[in-house]
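Chains as they are written, first to last, in my numbering: chain W, 1 to 274; chain P, 275 to 548; chain X, 549 to 822; chain S, 823 to 1096.
Each residue gets a CB set at the ideal place from its N, CA and C atoms; glycine is no exception.
What you are looking at is a predicted structure, and each value in this text was computed from that prediction instead of being measured.
Here is the structure we will look at.
There are 4 protein chains.
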Amino acid sequence: MKIKPEFDLIPEDGWRKKIYEIIYLSDTKAGRTFDIGLLILIVFSTVLIMVETIPIVTLQYYKEFYYAEFFITIIFTIEYLLRIICIKDRKEYIFSPIGIIDFLSIIPFYISLIFPVWHFVAIIRMLRILRIFRIFNLADYMHDGHFIVSALKHSSRKIYIFLLFMIIFIVIIGAMMYVVEDGKNGFSSIPQSVYWAVVTITTVGYGDISPATPLGKLLSIIVMLCGYSIIAVPTGIVTSEFRRRRSDLKCDRCGNDDHGDSARYCKICGEKMV
Amino acid sequence: MKIKPEFDLIPEDGWRKKIYEIIYLSDTKAGRTFDIGLLILIVFSTVLIMVETIPIVTLQYYKEFYYAEFFITIIFTIEYLLRIICIKDRKEYIFSPIGIIDFLSIIPFYISLIFPVWHFVAIIRMLRILRIFRIFNLADYMHDGHFIVSALKHSSRKIYIFLLFMIIFIVIIGAMMYVVEDGKNGFSSIPQSVYWAVVTITTVGYGDISPATPLGKLLSIIVMLCGYSIIAVPTGIVTSEFRRRRSDLKCDRCGNDDHGDSARYCKICGEKMV
Amino acid sequence: MKIKPEFDLIPEDGWRKKIYEIIYLSDTKAGRTFDIGLLILIVFSTVLIMVETIPIVTLQYYKEFYYAEFFITIIFTIEYLLRIICIKDRKEYIFSPIGIIDFLSIIPFYISLIFPVWHFVAIIRMLRILRIFRIFNLADYMHDGHFIVSALKHSSRKIYIFLLFMIIFIVIIGAMMYVVEDGKNGFSSIPQSVYWAVVTITTVGYGDISPATPLGKLLSIIVMLCGYSIIAVPTGIVTSEFRRRRSDLKCDRCGNDDHGDSARYCKICGEKMV
Amino acid sequence: MKIKPEFDLIPEDGWRKKIYEIIYLSDTKAGRTFDIGLLILIVFSTVLIMVETIPIVTLQYYKEFYYAEFFITIIFTIEYLLRIICIKDRKEYIFSPIGIIDFLSIIPFYISLIFPVWHFVAIIRMLRILRIFRIFNLADYMHDGHFIVSALKHSSRKIYIFLLFMIIFIVIIGAMMYVVEDGKNGFSSIPQSVYWAVVTITTVGYGDISPATPLGKLLSIIVMLCGYSIIAVPTGIVTSEFRRRRSDLKCDRCGNDDHGDSARYCKICGEKMV
């Protein structure tokens, strides 16, 4: 299965075309090496930003982190500039979501050079992690990713309705608990009680707020048993969609889409099905 | 697919018929605009009631909330009166569940005008949120909602039996934990232990009560592993029902209901299936 | 569908046969009334025993509870004696599980009359709740209950193996956490750490023990993500068994068992399928 | 279905062949008895190591545990030596994963005889529990185990992608919560916030870290509802794979693999399907 590059505006002159092929495509060996290198750099850089926020680490290794970030930003900047240089329609790239993420992941560092900023600005750099998707875009894995996303998309309407039911149920339960617990024991307002209801129905159960009165506990028991039965619904929706999509399989080679449930190979041309 | 209005008693004279069409139907542009306006007002009003219960907010913006509620109640009252005026059989509407909810969501405000009431009465207004269902009733989404509800209804008997098993299991586990923990560590009575058992089996796990003795922990481990395996049962019930209903699809246009598992279009007339 | 009574040894003489029909069968109106009465009494009595353990309640209403229990025990005793009198093979009933439960649910009261006992003995009376199953045995609901139980039975071998994997995984994780957390932060021994591992993998998450060191938290993250993926396995096992059993449907009337997936009525004789 | 022994290098001379058959095979009565004995010893020994780590127990029964461990290690050592003696290609066994586990589960004891070691070294002996798999390898249960493992293997690519999505989602949520909660209330660094995000999305919910600001709670609500919907995805993946594998059933006797969904017996030769 061939996948089109996102920006298929190949420039005509020699060196720009070569850079284009390395940066945007992954057919060639150089292209693939570039992708892997970029992937490692993104993961490394993300881990760095995360570790940087640990107070003790920052105090001790402030300089090392600064230089590492400096180095990474330089590389990403060069890559960003090359990406702009070697395509035809620059505007399309710069204002595409992918281009904005590329830009946002380098700019915070330069801002911090000019004036001292609120250190949370630095966390915008975390958006770099989204760049991973671009690389996987070109990879083999895309097919399975598509499968999951499209199954979710097709069952989305049912899931929306289910969520609407859930939200109304949660709001009413929250209001009831607020009344039952008389605004005490952490149920100090309806939004607070709604937070408790979500924590309970999703079976997360932090325990930062929990019912203290007998009536509140009784109501909780009912809510929990409901939540326990209800959890089956989204699973049922998604599972049945997954199953349906299986029998919708379309062969990539010959296009035949009339396959039985358990098809592993196209029954017309023998192509392996994913 | 056409959906009948809930109260199909159209009055004959001109202006009442027009109002009827705006309020009760959503075929016309005016009707749809009315529905969307009402939806926004309901959501806004619900959020207002919720936020109102936050202590700091009430203290600072008491007046603003009062006037907003005043304004909303006036609108809902006018709508309520119009609903009564423009249909034939008024009794049917007033004493229908939908009519009672409409009434209950405006009356608390008027009561609070006459004499100061326990402030929890005000929360009855939260029932307004149920009015959302009326609007969605008329919408496209209804079909999927029906799908979920009817799947749950058809598997309800199996779910009831499962819940009966669960409840008996929970009560016995609760009694055992009460004995094992010797009435200490929060397991002060059987109802309390049953509350713990529900919190545990549904995997909510607040941690407000948790076993402290070695034997209690051993029993908990068994209970948790059971709960983990048992959670598959309602999911299995609902999923298999969902799957079955898929193959029960009936075409809305030609009525043909003999479709394969993966039917997306009616095989007789080509109508798109939901 | 006809269900045989558990003890089909009908005595021949008149009054004993009549009592037998009331107590053991539910064909007649008297039999059904008896069953419903018994059901109410069992539920009432179970709730009573539960409430009795609440300290404040016992102090205030000691006498009332004593008399209620006295009254209930008398009725259950009479019922027990009638059950013995009106069947042929008494030994079979008395030593059957059902007979032993009947006996155990009345004896603690009589023991407490003779000498003061450890008050936990009284909780043996909770076994009464198991008597509910006898009543439902005779009811319509049995069919669906059988469905669930037999689906679980058929997938039990897969579930056993899954549990074996789980237990070994849990024990190893427990040992690792004990080492990683160095026996501190609640991970004071391997059994304690195994308890934590079960609490975590089943997603109960009390929070009475939770990792405190960075390495412990990292290990926990891996364990939680594993547990999250693994939960799909028992669900998958049970769901696929449920689906299989559907197509195994056997018509109660004509015995035909060749039905398609979505059969609601027997395709030979038109009997409704459950 | 016949299962080949792991090391099929049977020596030719008499007594070694007999020992080989007892230790490595389970066809003979002696072989099966040996397996069961070994299983009991492994379980007993594992429980011993676990209990040994409980502080009070160690203090009181130090000697008893020492002698039990001494006794068990001797048996395992004899078994290890016999395993080496009675096969042809010793290297293959010794350096196979199974051989290394066998070695690691006896060596810590001997090391502790020579010089006092960090007591966590003793926990390496816990690896003994993995030896259970060898015994089950030869047993009937293997078939179902294979079923589960191969279903997971076939859906692994989808699960990997799902986990990749999850991890990126978790990291971004963690970073957002760190900013929202302003590094307070336990969200002291991004790794810490990521730990919280995993605890929340997997619905474990310890409650050691929980949001305290209104905005943090709002974000948590969204995260929890997402997690609740997302949990359906791995279940859907695995369930649909389980279902597919069912129809892939291959008869052990005649090799026919064209069976319907609900096949319990091979339709060619009547062999029972698992």
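Checking contacts by CB at 8 Å: is W:Ile-3 closer than that to chain X? Confidence in W:Ile-3 is poor, its pLDDT being 43 and thus under 50, which makes the residue's placement unreliable; the coordinate value appears in the next sentence. Chain X contact via Cβ: absent.
Would you mind working out which of S:Pro-1056, S:Ala-944, S:Arg-838 sits nearest X:Ser-777, comparing C-alpha positions? S:Pro-1056
Using CA atoms only, rank isn't needed, just tell me which of S:Lys-910, S:Leu-935, S:Tyr-902 is closest to S:Ile-922. S:Tyr-902
What whole-angstrom Cβ distance do P:Ser-463 and X:Thr-601 have, given they're in contact under 8 Å? 4 Å
Are the CB atoms of W:Lys-158 and W:Ile-231 within a distance shorter than 8 Å? no
Residue from W:Ile-170, W:Thr-33, W:Leu-164 with nearest C-alpha to W:Val-194: W:Ile-170
Pull up the distance between the alpha-carbon of X:Thr-576 and that of P:Val-453, whole angstroms please. When rounded, the separation of the alpha-carbon atoms in X:Thr-576 and P:Val-453 is 41 Å.
Classify X:Ser-644: buried if its beta carbon has 16 or more other beta carbons within 10 angstroms, exposed otherwise. exposed
Interfacial residues, the stretch 225-240 of chain W to chain P, with Cβ spacing under 8 Å: Leu-225, Gly-227, Tyr-228, Ser-229, Ile-231, Ala-232, Val-233, Thr-235, Gly-236, Ile-237, Thr-239, Ser-240
Quick check on this structure: which residue in X:Gly-579, X:Phe-790, X:Glu-789, X:Ile-588 has the alpha carbon closest to the alpha carbon of X:Ile-680? Nearest of X:Gly-579, X:Phe-790, X:Glu-789, X:Ile-588 to X:Ile-680, Cα basis: X:Ile-588.
Chain W partners of S:Gly-921, CB-CB under 7 Å? Here the premise fails: no neighbours, minimum Cβ distance about 36 Å.
Which residue comes first and which comes last in the alpha helix (DSSP H) that contains X:Tyr-568? 562-572
Would S:Val-1020 be called buried (16 or more neighbouring beta carbons within 10 Å of its own) or exposed? S:Val-1020 is buried by the Cβ-count criterion.
Excluding sequence positions up to five away, which residues of its chain have a Cβ less than 6 Å from the Cβ of W:Thr-77? Ile-106
Where W:Leu-59 falls, given that 16 or more other Cβ within 10 Å makes a residue buried: exposed
Could you tell me the alpha carbon to alpha carbon distance between S:Ile-970 and P:Thr-347, rounded to whole angstroms? If you take the alpha carbons of S:Ile-970 and P:Thr-347, they lie about 59 Å apart.
Contacts that W:Thr-202 makes with chain X (C-beta to C-beta distance below 8 Å): The contacting residues do not exist; W:Thr-202 stays about 10 Å from chain X at best.
Looking at the secondary structure, which residues open and close the alpha helix (DSSP H) in which P:Arg-399 lies? DSSP places P:Arg-399 outside any alpha helix (DSSP H), giving it a letter other than H or E.
For X:Asp-637, count neighbouring C-beta atoms within 10 Å of its own C-beta (all shown protein chains included) and say buried if the count is 16 or more, exposed if not. exposed
Under a three-way DSSP split, which group does X:Glu-729 fall into? coil
What are the boundary residues of the alpha helix (DSSP H) that W:Gly-99 is part of? 97-104
Measure the beta-carbon distance from W:Phe-187 to W:Ile-221 and round it to whole angstroms, keeping in mind my assumption that it falls under 8 Å. In fact, because the Cβ distance is near 16 Å, the residues do not count as touching under 8 Å.
Can you look up W:Tyr-206 in the DSSP assignment and give me helix, strand or coil? coil
May I have the straight-line CA-CA distance separating W:Pro-214 from X:Tyr-610, to the nearest angstrom? 20 Å
Just tell me which of W:Ile-201, W:Ser-150, W:His-154, W:Asn-185 has its CA closest to the CA of W:Ile-172. For the residues W:Ile-201, W:Ser-150, W:His-154, W:Asn-185, the minimum Cα distance to W:Ile-172 belongs to W:Ile-201.
What does a CB cutoff of less than 7 Å around X:Met-724 pick up in its chain, not counting 5 residues either side in sequence? Leu-767
Could one say the Cβ of P:Gly-460 lies closer than 8 Å to chain S's Cβ atoms, at least one of them? No, P:Gly-460 does not count as interfacial toward chain S.
Per-residue contacts from S:Tyr-1028 into chain X (C-beta, under 7 Å): Gly-753, Gly-755, Ser-758
Closer than 7 Å between beta carbons: that is the criterion. Which residues of the stretch 969-994 of chain S meet it against chain W? Hits within the stretch, in order: Arg-979, Lys-980, Ile-983, Phe-984, Ile-990, Val-993, Ile-994.
Could you check if S:Thr-855 is buried or exposed, using at least 16 other CB atoms within 10 Å of its CB as the buried criterion? exposed
Listing by chain order, which chain W residues have their CB less than 8 Å from the CB of S:Pro-1013? Chain W residues near S:Pro-1013: Met-50, Val-51, Thr-53, Ile-54.
Which chain P residues are close to X:Thr-594, counting only those with a beta carbon under 8 Å from its beta carbon? In chain order: Val-445.
Boundaries of the alpha helix (DSSP H) in which P:Ile-368 is found, first to last residue: 364-368
Under DSSP, the alpha helix (DSSP H) around P:Ser-503 begins and ends at which residues? 488-504
What residue does the alpha helix (DSSP H) around P:Gly-305 start on, and which one ends it? Segment 303-326, the alpha helix (DSSP H) holding P:Gly-305.
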